[in-house]
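Step one of this worksheet: look at the structure below.
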Amino acid sequence: MLNEISLLELQLFWACILLILHSWDAMKQTIFCCHDCGIVNRVASLPSGGKAFCSRCDALLRRSCPDGIVRALALAIAALILLLVSLSFPFLRMENAGLSQQSNLLTSVFLLFEQRMPIVALVVMVTCVGVPGLYQLGMVYVLLPLRYGRKAPQAVMIFRLLRSFGSWGMVEIFLFGILVALVKLVKMATVSPGISFWSLFILIFVIAAQSVVFEPLDVWEELEAIR
Amino acid sequence: MNERQQRESVGILIGCHCCCKVHLQGSNTLKCSRCGAGLHLRKPGGVARVWALLLAAVILYFPANLLPITLTSSIVGSQADTILSGVIYFVQSGSWPIALVIFIASVFVPMAKLLILGYLCLSVQYKCRISRRERTRLYRLTEVVGRWSMIDVYVVGILVALVKLGAVANVDAGPGVAYFALVVILTMIAAQSFDPRLIWDAEEDH
Chain A
504 MLNEISLLEL QLFWACILLI LHSWDAMKQT IFCCHDCGIV NRVASLPSGG KAFCSRCDAL
564 LRRSCPDGIV RALALAIAAL ILLLVSLSFP FLRMENAGLS QQSNLLTSVF LLFEQRMPIV
624 ALVVMVTCVG VPGLYQLGMV YVLLPLRYGR KAPQAVMIFR LLRSFGSWGM VEIFLFGILV
684 ALVKLVKMAT VSPGISFWSL FILIFVIAAQ SVVFEPLDVW EELEAIR
Chain B
1281 MNERQQRESV GILIGCHCCC KVHLQGSNTL KCSRCGAGLH LRKPGGVARV WALLLAAVIL
1341 YFPANLLPIT LTSSIVGSQA DTILSGVIYF VQSGSWPIAL VIFIASVFVP MAKLLILGYL
1401 CLSVQYKCRI SRRERTRLYR LTEVVGRWSM IDVYVVGILV ALVKLGAVAN VDAGPGVAYF
1461 ALVVILTMIA AQSFDPRLIW DAEEDH
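So the sequences go chain by chain: A and B.
Plus 503 on top of the position in the first sequence (first one is 1) and you've got this note's numbering.
Plus 1280 on top of the position in the second sequence (first one is 1) and you've got this note's numbering.
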């Protein structure tokens, strides 16, 4: 009987060790090094929609996003459609004494290049077209196979790139720029916003929603699990 | 985990800046095992890199504000506008809210960003230990708000692309815009290069 108790204790002991090891090499990560203050935090399981903050500096560590991957994927596809619309139609229309002028996002960029303003053209091209477009394309590339439990080739590297250059998309600031230009031009002629203006407007909300319902750690954990 | 355990594991555990996976610091922890990103305890370059970027931004700040950003030519004459004269024009023509937006985004924010980042760098170099939480919050605010200075670049770009009515008016971009765009980009990279964990390191060096 003494031997049996010892065996049970031994099994309990090993179970504890395995639990500790499992929580370390986590499916759901429990230990975080805060990216803002460096301290180590242990995060208990989050309720649905809950957020975990650093104990020292209140930095956001992790957010619980149920169905985050599917929602982010749907929003990414929506964003791509809106971007296509934004690029194909004019965003401002101007009329003065019978002459009308309208500007399209892509043709504006080419015009800026022609006006020997390559830096401005490049800035507009990269931050308003390039980064948002590539970011959403990359999201679809990584998240679509992930939704079905598969890993796209080079998904890890591509997702890493997305996380690094994603912060350079400035579509919402471009929209405000259109508004300011609109006010300035109202003095000169009758100005009206085009289809592209409205699709950019909706795109801002789509991008904002995507950043709220998406937790990148979910993707990292999925990618790691599939390997 | 109590305070002591937390502080003791600071030097041992490294979190990946990209995927947040925690690694034990050892001889072969150079790349994250989950995402392949380079692992470092603190952002490379340190305060020196931030200073270099800030200095470059300050140097470019002068032509950005002194050179005109728009050149408007019409039958009445031609007019060169800098950022500030553009703000004044909006005030004089009665569009107070737009003038305020442009002033805040293109004059106030870049200046504030340069000053705040400079202050944060100095506070780290002089190992200041007070108001650490507030300084971290200030840093986060700077990172978020800094992008909005780009608005003026877009306004000029749109005006140039749109106003080609020939006989009535013609708007061309002035040389100041390119410098201003570079100032905004440089301050954005400077904010990204600053490591807020350095603010909290001052406590550890006893």
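The C-beta atom is built at its ideal place from N, Cα and C for all residues, glycine as well.
Computed from a prediction, not measured in an experiment: that's the story for all the values here.
Does the beta carbon of residue i sit closer than 8 Å to a beta carbon anywhere in chain B?
| i | result |
| --- | --- |
| S539(A) | The sequence given here has Asp at residue 539(A), not Ser. Yes, D539(A) counts as interfacial toward chain B. |
| C568(A) | no |
| Q657(A) | no |
| I534(A) | yes |
| M597(A) | yes |
| S718(A) | The question names Ser, yet the displayed sequence has Glu at residue 718(A). Chain B contact via Cβ: absent. |
| C616(A) | Position check: residue 616(A) holds Phe in this sequence, whereas Cys was assumed. Taking Cβ atoms only, chain B never reaches closer than 8 Å to F616(A), which makes this a no. |
| E727(A) | yes |
| R574(A) | no |
| Q604(A) | yes |
| I584(A) | no |
| I580(A) | no |
| F592(A) | no |
| S611(A) | yes |
| I676(A) | yes |
| V546(A) | no |
Which of the three DSSP states is assigned to residue i in this structure?
| i | result |
| --- | --- |
| A1344(B) | helix |
| C536(A) | strand |
| Q618(A) | coil |
| A582(A) | helix |
| A1379(B) | helix |
| P656(A) | coil |
| I1497(B) | The structure shown does not extend to residue 1497(B), since chain B spans only 1281 to 1486, so no value can be given for it. |
| E455(A) | This structure leaves residue 455(A) out entirely; chain A is present only between 504 and 730. |
| D1475(B) | coil |
| K1301(B) | coil |
| A1360(B) | strand |
| G1326(B) | helix |
| G1318(B) | strand |
| T1352(B) | strand |
| P569(A) | coil |
| S1313(B) | coil |
| S699(A) | helix |
| S551(A) | coil |
| M1468(B) | helix |
| G1446(B) | Because the pLDDT of G1446(B) is 43, which lies under 50, any placement of that residue in the model is unreliable, and the number read from its coordinates should be weighed accordingly. Three-state DSSP puts G1446(B) in coil, outside helix and strand. |
| A529(A) | Low confidence applies to A529(A): its pLDDT is 44, below 50, so where it sits in the model is not reliable, and the reading given next is rough at best. Of the three classes helix, strand and coil, the one that applies to A529(A) here is coil, per DSSP. |
Name the two residues that bound the continuous alpha helix (DSSP H) containing residue i.
| i | result |
| --- | --- |
| P444(A) | Lying before the first or after the last residue shown, residue 444(A) is absent from chain A, which here runs from 504 to 730. |
| K1393(B) | V1389 to Q1405 |
| G541(A) | That residue, G541(A), is in no alpha helix (DSSP H); it is neither H nor E in DSSP. |
| G636(A) | V634 to R650 |
| S1365(B) | I1363 to Q1372 |
| T1416(B) | R1412 to V1425 |
| E675(A) | V674 to L688 |
| A1260(B) | Outside the modelled stretch of chain B, which goes from 1281 to 1486, sits residue 1260(B), for which no answer is possible. |
| E727(A) | P719 to I729 |
Answer with yes or no whether the minimum CB distance from residue i to chain A is below 8 Å.
| i | result |
| --- | --- |
| W1428(B) | yes |
| W1331(B) | no |
| I1384(B) | no |
| A1482(B) | no |
| H1486(B) | Below a pLDDT of 50, predicted positions are generally treated as unreliable, and H1486(B), at 42, falls in that range; no measurement from the model is reported. |
| G1306(B) | no |
| I1431(B) | yes |
| H1320(B) | no |
| G1437(B) | yes |
| L1445(B) | Summary for L1445(B): the model assigns pLDDT 45, below 50, so the residue's position carries little reliability; its value from the coordinates is reported in the next sentence. Judged by the 8 Å Cβ criterion, L1445(B) is in contact with chain A. |
| L1310(B) | no |
| A1317(B) | yes |
What span of residues does the beta strand (DSSP E) with residue i cover, start to end?
| i | result |
| --- | --- |
| V1451(B) | A1449 to A1453 |
| A555(A) | K554 to F556 |
| L563(A) | L563 to R566 |
Residues of the region 680-707 of chain A with a CB closer than 8 Å to any CB of chain B: list them in chain order, please. G680, I681, V683, A684, V686, K687, L688, K690, M691 and A692
Chain-ordered residues of the region 1398-1423 of chain B with a beta carbon less than 7 Å from chain A: R1413 and T1416
Check distances from the C-beta atoms of the region 1362-1379 of chain B to those of chain A and list, in chain order, the residues that come in under 9 Å. Only G1366, Y1369, F1370, S1373, S1375, P1377 and I1378 from the region 1362-1379 of chain B bring a Cβ to less than 9 Å from some Cβ of chain A.
At a Cβ cut of 9 Å, what residues of the region 620-631 of chain A count as close to chain B, listed as they run along the chain? M620, P621, I622, V623, A624, L625, V626, V627, T630 and C631
Relative to chain A, which residues along the region 1448-1460 of chain B have a C-beta separation below 8 Å, given in chain order? V1448, A1449, D1452, A1453, V1457 and A1458
Within 9 Å of chain A by C-beta, residues of the region 1324-1351 of chain B in sequence order: none
Interfacial residues, the region 628-653 of chain A to chain B, with Cβ spacing under 9 Å: T630 and C631
Pull out every residue of the region 1464-1481 of chain B whose Cβ sits closer than 7 Å to any Cβ of chain A, in chain order. P1476, R1477 and W1480
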